[in-house]
Structure formats: C-alpha cells, structure tokens
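Participant:
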Amino acid sequence: MTRISVKVDGTTYEDEVEPRLLLVHYLRDRLGLTGTPVGCDTSNCGACTVDLDGESVKSCSVLAVQADGSEVTTVQGLARDGEWHPLQSAFHERHALQCGYCTPGMIMAARDLLRENPDPTADDVRQALEGNLCRCTGYQNIVRAVLAASGQEVTT
Amino acid sequence: MTDQVTEREVGRSRARKEDARLVTGQTNWTDNISVNGLLHLAILRSPMAHARIDRVDVAPARERPGVVAAFSGRDLAEGLGSLPCAWPVTEDIVLPDHPPIAVDEVRYAGDPVAVVVARDRYAAADALEAVEVDYTPLPPVLDLEAALAEDAPLVHADKGTNRCYVWPLATGEDYASVRQRADVVLKRRYVQQRLIPNAMEPRAVVVTPLAASGEYTVYSATQIPHILRIMLSMVTGVPEHKLRVIAPDVGGGFGSKLQVYGEEALALAVAQRLGRPVKWTESRSEGYLATHHGRGMIQDIEIAATDEGKLLGLKVDLLADMGAYLMLVTPGIPILGAFMYPAIYKMDAYDFTCTGVFTTRTPTDAYRGAGRPEATYAIERIMDELAVELGLDPIELRRRNWIRHEEFPYTAVAGLTYDSGNYEAATDKALALFGYDALRSEQQKRNEHGDVVRLGIGVSTYTEMCGLAPSRVLRDLRYGAGGWEAASIRMLPTGKVEVVTGTSPHGQGHVTCWSQIASDVLGVPFEDVEVLHGDTKAAPQGMDTYGSRSLVVGGTAVHHAAQKVVEKARKVAAHLLEASEHDLEFTHGVFSVKGSPEARKTIQEIAFETFSSHDLPDGMEPTINAEHLVDPENFSYPHGTHLCAVEVDTETGRTTIRSYVCVDDVGRVINPMIVEGQVHGGVAQGIAQALYEEAVYDDEGNLVSGTMADYLVPSAADLPEFVTGRTETPATSNPLGAKGVGEAGTIASTPAVVNAIVDALRPLGVTEVAMPCTPQRVWEAIEQARSGKDGSA
Chain A
-2 MTRISVKVDG TTYEDEVEPR LLLVHYLRDR LGLTGTPVGC DTSNCGACTV DLDGESVKSC
58 SVLAVQADGS EVTTVQGLAR DGEWHPLQSA FHERHALQCG YCTPGMIMAA RDLLRENPDP
118 TADDVRQALE GNLCRCTGYQ NIVRAVLAAS GQEVTT
Chain B
17 MTDQVTEREV GRSRARKEDA RLVTGQTNWT DNISVNGLLH LAILRSPMAH ARIDRVDVAP
77 ARERPGVVAA FSGRDLAEGL GSLPCAWPVT EDIVLPDHPP IAVDEVRYAG DPVAVVVARD
137 RYAAADALEA VEVDYTPLPP VLDLEAALAE DAPLVHADKG TNRCYVWPLA TGEDYASVRQ
197 RADVVLKRRY VQQRLIPNAM EPRAVVVTPL AASGEYTVYS ATQIPHILRI MLSMVTGVPE
257 HKLRVIAPDV GGGFGSKLQV YGEEALALAV AQRLGRPVKW TESRSEGYLA THHGRGMIQD
317 IEIAATDEGK LLGLKVDLLA DMGAYLMLVT PGIPILGAFM YPAIYKMDAY DFTCTGVFTT
377 RTPTDAYRGA GRPEATYAIE RIMDELAVEL GLDPIELRRR NWIRHEEFPY TAVAGLTYDS
437 GNYEAATDKA LALFGYDALR SEQQKRNEHG DVVRLGIGVS TYTEMCGLAP SRVLRDLRYG
497 AGGWEAASIR MLPTGKVEVV TGTSPHGQGH VTCWSQIASD VLGVPFEDVE VLHGDTKAAP
557 QGMDTYGSRS LVVGGTAVHH AAQKVVEKAR KVAAHLLEAS EHDLEFTHGV FSVKGSPEAR
617 KTIQEIAFET FSSHDLPDGM EPTINAEHLV DPENFSYPHG THLCAVEVDT ETGRTTIRSY
677 VCVDDVGRVI NPMIVEGQVH GGVAQGIAQA LYEEAVYDDE GNLVSGTMAD YLVPSAADLP
737 EFVTGRTETP ATSNPLGAKG VGEAGTIAST PAVVNAIVDA LRPLGVTEVA MPCTPQRVWE
797 AIEQARSGKD GSA
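For the record, the sequence lines run as chains A and B.
Residue numbering for the first sequence follows this note's numbering, beginning at -2 and increasing consecutively.
Residue numbering for the second sequence follows this note's numbering, beginning at 17 and increasing consecutively.
#1: Could you run through the segment 78 to 106 of chain A and flag, in chain order, every residue whose CB is less than 9 angstroms away from some CB of chain B?
#2: Of the residues that make up the segment 527 to 540 of chain B, which ones have a beta carbon closer than 8 angstroms to any beta carbon in chain A?
#3: Would you please verify whether the beta carbon of VAL72 of chain A is less than 7 angstroms from any beta carbon of chain B?
#4: I need the boundaries of the beta strand (DSSP E) containing PHE627 of chain B, first residue and last residue.
#5: Quick check: is the beta carbon of CYS57 of chain A nearer than 7 angstroms to any beta carbon in chain B?
#6: Contact criterion: CB-CB distance below 7 angstroms. Does LEU55 of chain B meet it with respect to chain A?
#7: Give the straight-line distance between the Cα atoms of GLU348 of chain B and TYR181 of chain B, rounded to the nearest whole angstrom.
#8: With respect to the alpha helix (DSSP H) encompassing GLN196 of chain B, which residues constitute its N-terminal and C-terminal limits?
#9: Using a beta-carbon distance below 7 angstroms, is GLY51 of chain A in contact with chain B?
#10: Drop a sphere of 10 angstroms on the beta-carbon of GLU150 of chain A, count the other beta-carbons inside from all chains shown, and report buried for 16 or more, exposed for fewer.
#11: Report back the beta-carbon spacing between MET343 of chain B and PRO379 of chain B to the nearest angstrom; my notes put them in contact at under 8 angstroms.
#12: Where in the segment 62 to 118 of chain B do unbroken runs of the alpha helix (DSSP H), each at least 4 residues long, occur, reported from the N-terminal end onward?
#13: Can you say whether ARG17 of chain A is buried or exposed, counting buried as having 16 or more other CB atoms within 10 angstroms of its CB?
#14: Determine contact between the segment 79 to 96 of chain A and the segment 30 to 48 of chain A, defined as no fewer than three beta-carbon pairs at a distance below 8 angstroms.
#15: Within a Cβ cutoff of 6 angstroms, which residues of the same chain sit near LYS4 of chain A, ignoring the five residues on either side of it in sequence?
#16: Closer than 9 angstroms, Cβ to Cβ, to anything on chain A: give me those residues from the segment 31 to 47 of chain B, in chain order.
#17: Pull up the distance between the alpha-carbon of HIS309 of chain B and that of GLU11 of chain A, whole angstroms please.
#18: Mapping DSSP to helix, strand and coil, what is CYS99 of chain A?
#19: Short check: CB of MET313 of chain B to CB of LEU284 of chain B, under 7 angstroms?
#20: So is ASP265 of chain B buried or exposed if we call it buried at 16+ other beta carbons inside 10 Å?
#21: Which one of B:PHE627, B:GLY267 and B:THR603 has the shortest CA to CA distance from VAL588 of chain B?
#22: Can you give, in chain order, each stretch of the beta strand (DSSP E) that sits fully within the segment 510 to 545 of chain B and has at least 3 residues?
#23: Does the segment 711 to 728 of chain B come within contact of the segment 792 to 803 of chain B, defined as at least 3 CB pairs closer than 8 angstroms?
#24: Considering only residues of the same chain and omitting the five flanking positions on each side of LEU413 of chain B, which have a CB-CB separation below 8 angstroms?
#25: Taking 7 angstroms as the CB-CB cut-off, is GLY807 of chain B touching chain A?
#26: Do you know offhand how far VAL712 of chain B's Cα is from MET689 of chain B's?
#27: Distance check for LEU449 of chain B and GLU423 of chain B, CA to CA, integer angstroms please.
#28: Roughly how many angstroms separate the alpha carbons of MET17 of chain B and GLU621 of chain B, rounded to a whole number?
#29: Which residue's Cα is closest to the Cα of GLY656 of chain B: B:ASP167, B:HIS598, B:GLY499 and B:LEU447?
#30: Identify, in the order they occur along the chain, each residue of the same chain with its Cβ nearer than 8 angstroms to the Cβ of ALA809 of chain B, setting aside the five sequence neighbours on each side.
#31: Under 9 angstroms between beta-carbons, which chain B residues line up against ARG123 of chain A? List them in chain order, please.
#32: Using the rule of at least 16 other Cβ atoms within 10 Å of the residue's Cβ for burial, across every protein chain shown, is GLY807 of chain B buried or exposed?
#33: GLN149 of chain A touches chain B at which residues, Cβ-Cβ below 8 angstroms?
#34: Got a sec: is the Cβ-Cβ distance from THR723 of chain B to anything in chain A below 7 angstroms?
#35: How would you label MET338 of chain B, buried or exposed, when you count the other beta carbons within 10 angstroms and need 16 or more for buried?
#36: Report the neighbours of ASN41 of chain A on chain B: residues whose CB is nearer than 7 angstroms to its CB, in chain order.
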C-alpha cells in the first residue's frame, strides 16, 4: 500500500492505495465520484477522461499513485456556484448527448481542446475528440456543441 | 396554481429533461451502485471455441485473499434453468439447452465456466487465475455452409444437426413461373458481417437480496426490465412477485441489452446462495465475447425484371448465423427482415427462405435494425446492379417500381399493409438537397479524365416496419409474448403529473417526449410532468424498449391515458361548475362553461379537488388517474431516401464520404431535435458497418477483433457531417401519427455507402466490394478487376 494525497474537485483526499489501483477506480470506488465512468479496458473510448494538473488524461491509463500530489478535476467539479460550465450547457442545448455515458469524457476532452484552441474549426473539434467514442450521436451535435461553447455562431 | 399553457409542446425541439444529471455526472449507472457488504463477481470464460470440460477445480481460487466463494458450472447448475428463447420461429426448431454457465461443454470462446466472488473487483479478477480447468478440444464450427454438410462436426451433438430451423415464406404468384416471364434475372450473394453492438456502457448487474423474505432487487443495464423480471423468475425459480427489476440509467443498448443474459441469472443465483449483495460488471473485452453480436448472414438474392425495368419477382435465400445458442429472440431476427426484402417496390412474386445455423461463436441477436438493415442492404444493392444491367439511372429504376403516393394503403407482396408513405416527396427533397445532377456530371467528367480519386454516388430508398408489434401478428410468427404497451397517469394533489410508462429508455429521451405528449393533452406545463420508468415496482407493466416501438406504442398509450384523465376531470369540473359536461370546453388545461368564461377550473385545480374528495359527483370513484394499454393495430412504416457521395482513392483504396444527405419520413414528430439526433446516430452506425466494423474470427474460432483497439468503432474524425431533412406523412395507425425513428438511419445508410463505393469503381470493372469496405478490400477489388478477375473482394 502506498499513501497518496490528491485534490479532486477542490477537496484533498489522503488514502492508502494499492500501487496497481487505476485512478478511475480510485475516483469511483474509493471516493464515490461515479460521475466518471469506465467504457473500455484498452484506453480507446475516453469515457473516463478527467483533468490532471491542467491536462486531460484517460483516468484508466493513470495509476492512482501517479496522481499523488496532483489536482484532478472531473465532470462533477465543473459547475461553479451552481452554474454549469459552458460546455455542459452547450451539450444540453445542442442535444449533444443521448445515453450520456460518453458525455463526462467528451466534455473534459473538449474543455482541454478549448483551452489550447479557443476558436477551433469543426474539423479541429473532430480531430481533438478522436480519442473519445460516442455510439449514440454520430458526433455532429457534439461538434456543434463544442463550437457553440467556444462562442462561435453555429447554424443548426 | 399554474400558468396557462398556450403553446403546443408536440413539435417543439425541447432540450431534454434527462440531461441535467448526465452532463454533471450525477448518474446512476448500474456499476455506480454500491451497498453495504457488496461482493464482486468475476467470470472465468472458455478460451476455446469448442471443448469438452473434463474438470473444473475452483478450490484454489477460494484460498485467494478477499475471495468469499467460487463456483463451477456444476456447482450452480442445480436450480438454474435454461436461458430462454422467446421466439421459436418454427414448430420443429432445434432448441438446445442453454445453461447460464457451461457444465459439460463450452461452445464459444467466452462461454462462462466458473464464477469467483470476492470483496473487490481486483481480488475477484486475480482469483480467476487460480481456477483450474481441463478441456478436451472439439472441432470448431465456423463456416455456415460447411456446418450444414452431412458430416459436419456438431455444435450441439445431442441435436444431430447444426440446422436450427428452415423458415419459408412464399407470397404472391409462383416465383418460378414469374421468373420465366422475365427479361432479366440477376443473382447476387451479399455477406452481412458480424457486428459488435458496442453500447458505451458495458453491461452490469447488481443483485441485493432480502434473504429473510426471499425478495431480490436486480439492477441491470438492460433495455427490458419487465421481460427480464419474468424470465429471471423462470430461470432461477425466484417467484415473480418477489423480484424487482430496475434499469437505472442505461448507457445505450442498440439491441445488445434486449436480452436475458446468463450473468443476470448467475448474479441472482449467487446472491441467493450467499444472502449477500453482488455486482458483476463486464470489461469491454469481456463484453466483446459475452454480449451478443449482430448481423452475421449470407444472403443469396435473385431479382427478376422486364427489360423496361419493371420488377416481377424476388427470391431470397438466407443463411443466418445463430452462434452457439439461441438467446431471447435470436431466431426471429432474420424473420423481422423477411418482410422487408421487397421494400418499397411492387412486384408479383416473392420467395424467401431462411436457414438458421449453429456455429461455435458468440450468439447473435438484435442489433439496431435487427433483420431490416440486412434486408434493405440486399434489395438496395441489387437494385443498383439491376439499374446498371438495364442502363437506367438508379433513381429512375426505383421510381418505376415504388408504390406511388396515391396507392396507399398498399398491401405489399410480402403481406404487410403499408398504411402511408410518400416516396416521391422524400426522394425529390433528397435529390435537391444533395445536388444530384451536378454530382453526376462531375462524376462523368472525372471518369472521362481517369481521375485517381473517383467520385461515386449511392442511393438507398428504404422502408422498415416499426412499432413492434400487433400481438396477433406476433402470435402468427410464434413469438412468445404480445406487443402492447402500458401507460398510467397520476394527477398529484398539487397539480403536478406523474406519467408512468412501460417503455425503458436508454438514451432516447422518453422523459422529455412523454412530457410533451402529456402536457399537450392535459394542458399542464411541460415542467410539471415527471416520467417514471424502468423499475418494475414504479412502473409495473410494460414491454420495454426496442424495435423503434417506444413512441409509436408507448407514446400512444400515454396519449390515451391522458385523454382518460381529461374525461374523468371533466365530470368533476362539470359538478363543481354546476354545468353539464356537454357545456364544458377544455382548452389549454382549463375547463370553462360555454358562454360564461369566468366559470372555470384548471385541470390542476381539479386534481386537488379530487384529492380532497370533499365535493365529487355522487358515486364517483375519488380519482382522475388513468391507465391505458395499447395493442397496435398495425406496424408503422417509416421511409426515406438517403444519398451518399464518396471519393475513393484508387491508389490507396481509401474511401472518404464527401456528402451524406438523408430525408426521412418518420411521420409526425414530437421533438425534432431528438429525431435529428436519432437519425445522426443511426446513420453513423450504418456507415460503420459499411466502412469500419467487423467481428473477425480466426480458423480456431477465436475472436481476433477482441478489444476496442481491434474493432473500429468510428470516432468523430471518421464520420462526415450529415445533411438531414424530413417529409411528414403521418402514420394512420396511431393518434400521434408517429412512425418511429430509432433504427431508420442504420437501416438506410449501409447500402447508400456501399452503392456509392461500387458506383465510383464501376468504370474500373468493380461490381462488388465486401463489407466493411476497408482500404485494403477496396484496393484488392480494384486490383482484381484490373487483372480481369471477378470484381468481388
């Protein structure tokens, strides 16, 4: 067991963990932060994407011990004072989710994109979200939502 | 108490009520559920496609840290029945025993052989390695045609054959005589590759027992909590009234969660034995083996026509891969397609036969479209081939044969009566959006120049049967249950409304759409309506969600239940306003007396008056709540025209979709934004079959495409923008005029894409590319055509 200290969505947690424990399982099973789901076992789907010290990572590909001393933001930590993040609002308004299982990862990956490229083209969005799979939407409304959240005019 | 509602809800693009918890992560996926004392199941699966089990020793696993119990198949066999097949399509169908966990023999790679129960998921997974199993390999059965040979090795030796059933349908005139009149007869073979449904949420099940009273709550990532409850009761012997099944938030299904799975029965059986709550969650790779697959058919199709392009008859011979066992509706999937091969076309004769074949592969069952995409693919592909043969534009050939708008209702050759449709309008709109003529002339120029990157145009004019299903038709098809749906409406004392539905959404937006329907009929604000679903305690009656049925059948039930509420409320209103019922008007939620508009009561006020019951009409039951069950009178028949333009690089074989236009007619639309989303997702899955996806097995029966890294679920970067349009020809079989939209895109799009690829390459001599049309397959097809061989890959 290894002792770690991780700040997740603004709260600092100290825990003893097995070195092999995946960050996503730490979040879900130890902290009860089940807003971040698991969609695959090969790091293809991106459903578990979170922000680790300012970069989006697939939390199934990070060990909890690697997050020691780090700051993690999940989809559950995005709203501020009850106000949704612009991406959360845009996903809702643009019908960018159906079952919603991929949505936390999509939003976290899109947030990373918009930090690096605040004014992306539709193609930029498609390329940036390549590592996040959605089976419901065909992606079109996700692309629209991300463009809308970036402040661009989006024709429906 | 309420703002008066004046704008109609139906037809508005309402953002979804469902979204709030989904975009904030406050979800209730089955794997999120945790209770005190929860144990985790892990399942050891056969690494071989076919083998005799000589020995299973779980004792070493029991010694591993954190392990609470471990069971072999034999340990659990007693008390567990066979998993159900609810659709024995013929009287003499071969129905093999299907234990939830293998006892003597494994029949596909992934068949369960042992269960370990531990305190956490890591410990359970670790302990699987300690289970000892000795197998004697048996020959795999993989090729559908070879499996039917006299001396073929058998999947189920006790049955003496791999032929599961033969299901014939011959309608209209005698096909053989019609064929003799034909000027042109074309025959083609198409292969529907196996697909893995890939709902983003892996399957999971949690069982919490109340051992003292023998009660069990089963949470499952399922599309069918109601059917599952009945079936689990039959499989495990837990009485139905002691079982509660809950489908919490469910992350997609596409048919893969329209199932009664062995793991659901195993989790219940283990919880029963241990008296402890248990959870099982599949890993994605495990799911690739253990969650049913879709498609998997060989289609021999023959079409007979005159040289003017009038269709005379159609003959279809299917070989359908059942996989190793018959699951809930496995044998019926190709039969759902049987009625759709003649599609939108008029013809005199139809001759269909499906042969179901057992193989040593993961069982097949419903996957988005379920039989209908396969049928549409075959007919729409061969229509393009016939157009080439006759020198006609593919659209023109279709126009010459489709049912004209003025001919509806029309009983098609396969026996279904299509109630409504307007193929002309949908096609004209699609052609205009697509710029068909301009693309054709560009194509011609590029062909003349011998461009390296060729342009191809593909057409698909589809219809489908939705709204499963009239119960009497299901009886005639030997399906084991009915096709009705239930809704009830509870008017709460404060005027709020609870709609209880028997449908079980997993992404479709029923909460939003049912709210819109109820809001309009009751005249209450959209926000005042809540929709309860997916819990056999909260919503005790239902037939669940699949087959594009939910709106057409379940939404209709909501509509009727709401009307009943209004009629009951009318009696109370008349009494309170001291007027006759006939003198009351009901508009936007308000009952008023004709001629004296100041005498009024809102339906929400009446809900309170009924709750207090202080002043109800004499003898009236003190409730305005109502329930309604609907058995649909007919299927519904969405249709549309999809057009795809592809650029195919003849040097690399790479296909790029340049434009995709679809005009769908799904009848009246409750929420246009949701309908558009359904079309996008459906089209994406159909394109995925055409270009990317295939469950690949090796010669030993191992699933080679066994992880998400090996099976190409397309990403945003792999798919184009879709241009969507609609025409609206209402269904006449339900008061909403709705037809269903869940599967339309998937049914339509696959042939549109492949027709476009073949169209691009036809000048090079290519006449067929097998799906998925990967760069390698396209390139090989071009090379084979160049070297003068048959153009198929």
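The beta carbon of each residue, even a glycine, is placed where N, CA and C say it ideally should be.
Facilitator: With the given structure in hand:
#1: TRP81, HIS82, LEU84, GLN85, SER86, PHE88, HIS89, GLU90, ARG91, HIS92, ALA93, LEU94, GLN95, CYS96, GLY97, TYR98, CYS99, THR100, PRO101 and ILE104
#2: none
#3: Reading the first sequence from its first residue, position 75 is the one you call residue 72 of chain A. It does: the Cβ of VAL72 of chain A has a partner Cβ on chain B nearer than 7 angstroms.
#4: Counted from its first residue, the second sequence places residue 627 of chain B at position 611. No beta strand (DSSP E) contains PHE627 of chain B, which is instead part of the alpha helix (DSSP H) from 619 to 628.
#5: As a position in the first sequence, residue 57 of chain A is number 60, starting the count at 1. Chain B, which has no Cβ nearer than 7 angstroms to the Cβ of CYS57 of chain A, makes this no.
#6: Taking the first residue of the second sequence as 1, we reach residue 55 of chain B at position 39. Taking Cβ atoms only, chain A never reaches closer than 7 angstroms to LEU55 of chain B, which makes this a no.
#7: Translated into positions along the second sequence, residue 348 of chain B becomes position 332. Translated into positions along the second sequence, residue 181 of chain B becomes position 165. Per the sequence shown, residue 348 of chain B should be read as Gly rather than Glu. In a straight line, the C-alpha of GLY348 of chain B is about 11 angstroms away from that of TYR181 of chain B.
#8: For this step, residue 196 of chain B is matched to residue 180 along the second sequence. Start and end: 191 to 197.
#9: One-based indexing of the first sequence puts residue 51 of chain A at position 54. Not an interface residue.
#10: For the purposes of this step, residue 150 of chain A is taken as the residue at position 153 of the first sequence. Exposed, by the Cβ-count rule.
#11: Here residue 343 of chain B is taken as the residue at index 327 of the second sequence, counted from 1. Here residue 379 of chain B is taken as the residue at index 363 of the second sequence, counted from 1. About 5 angstroms separates the two Cβ atoms, so the contact holds.
#12: 75 to 78 and 89 to 93
#13: On the first sequence, residue 17 of chain A is found 20 positions in, with the first residue counted as 1. By the neighbour-count rule (16 or more Cβ atoms within 10 Å), ARG17 of chain A is not buried but exposed.
#14: no
#15: Position 7 of the first sequence, counting from 1, holds the residue named residue 4 of chain A. Excluding positions up to five away in sequence, the list reads GLU68.
#16: ALA31, ARG32, GLU34, ASP35, ALA36, ARG37, LEU38, VAL39, THR40, GLY41, GLN42, THR43, ASN44, TRP45 and ASP47
#17: Counted from its first residue, the second sequence places residue 309 of chain B at position 293. Counted from its first residue, the first sequence places residue 11 of chain A at position 14. If I take the Cα positions, the gap works out to 43 angstroms.
#18: Taking the first residue of the first sequence as 1, we reach residue 99 of chain A at position 102. Three-state DSSP puts CYS99 of chain A in coil, outside helix and strand.
#19: By 1-based counting over the second sequence, the position of residue 313 of chain B is 297. By 1-based counting over the second sequence, the position of residue 284 of chain B is 268. No. Outside cutoff.
#20: Position 249 of the second sequence holds residue 265 of chain B. ASP265 of chain B comes out buried.
#21: On the second sequence, residue 588 of chain B is found 572 positions in, with the first residue counted as 1. It is B:PHE627 whose Cα lies nearest to the Cα of VAL588 of chain B.
#22: 513 to 517
#23: no
#24: If you number the second sequence from 1, residue 413 of chain B lands on position 397. Closer than 8 angstroms at Cβ, skipping near neighbours: GLY325, MET399, LEU402, ALA403 and LEU406.
#25: On the second sequence, position 791 is the one that residue 807 of chain B refers to. With a pLDDT of 46 at GLY807 of chain B, under the threshold of 50, the predicted position of this residue should be treated as unreliable, and no value is reported.
#26: Stepping through the second sequence from its first residue, residue 712 of chain B is reached at position 696. Stepping through the second sequence from its first residue, residue 689 of chain B is reached at position 673. Approximately 36 angstroms between the Cα atoms of the pair.
#27: The residue you call residue 423 of chain B lines up with position 407 of the second sequence. The residue you call residue 449 of chain B lines up with position 433 of the second sequence. Going by the C-alpha atoms only, they are around 26 angstroms apart.
#28: Position 1 of the second sequence, counted from the start, is the residue given in the question as residue 17 of chain B. Position 605 of the second sequence, counted from the start, is the residue given in the question as residue 621 of chain B. Here MET17 of chain B scores only 42 on pLDDT, less than 50, and its place in the model should not be relied on; the value that follows carries that caveat. In a straight line, the C-alpha of MET17 of chain B is about 7 angstroms away from that of GLU621 of chain B.
#29: Sequence index remark: in the second sequence, residue 656 of chain B carries index 640 (1-based). The residue with the shortest Cα to Cα distance from GLY656 of chain B is B:LEU447.
#30: Residue mapping note: residue 809 of chain B aligns to position 793 of the second sequence, counting from 1. With a pLDDT of 44 at ALA809 of chain B, under the threshold of 50, the predicted position of this residue should be treated as unreliable, and no value is reported.
#31: Looking up residue 123 of chain A in the first sequence gives position 126. In chain order: SER731, ALA732, ALA733, ASP734 and LEU735.
#32: Working through the second sequence from its first residue, we reach residue 807 of chain B at position 791. Confidence at GLY807 of chain B is low in this model, with a pLDDT of 46, below 50, so the placement of that residue is unreliable and no value is reported for it.
#33: Taking the first residue of the first sequence as position 1, residue 149 of chain A is located at position 152. Per Cβ cutoff of 8 angstroms: no residues; GLN149 of chain A is ~15 angstroms from chain B at best.
#34: Residue numbering aside, residue 723 of chain B sits at position 707 when the second sequence is read from its first letter. Taking Cβ atoms only, chain A reaches closer than 7 angstroms to THR723 of chain B, which makes this a yes.
#35: Translated into positions along the second sequence, residue 338 of chain B becomes position 322. Buried.
#36: The count along the first sequence starts at 1 and reaches residue 41 of chain A at position 44. The contacting residues are MET724 and ALA725.
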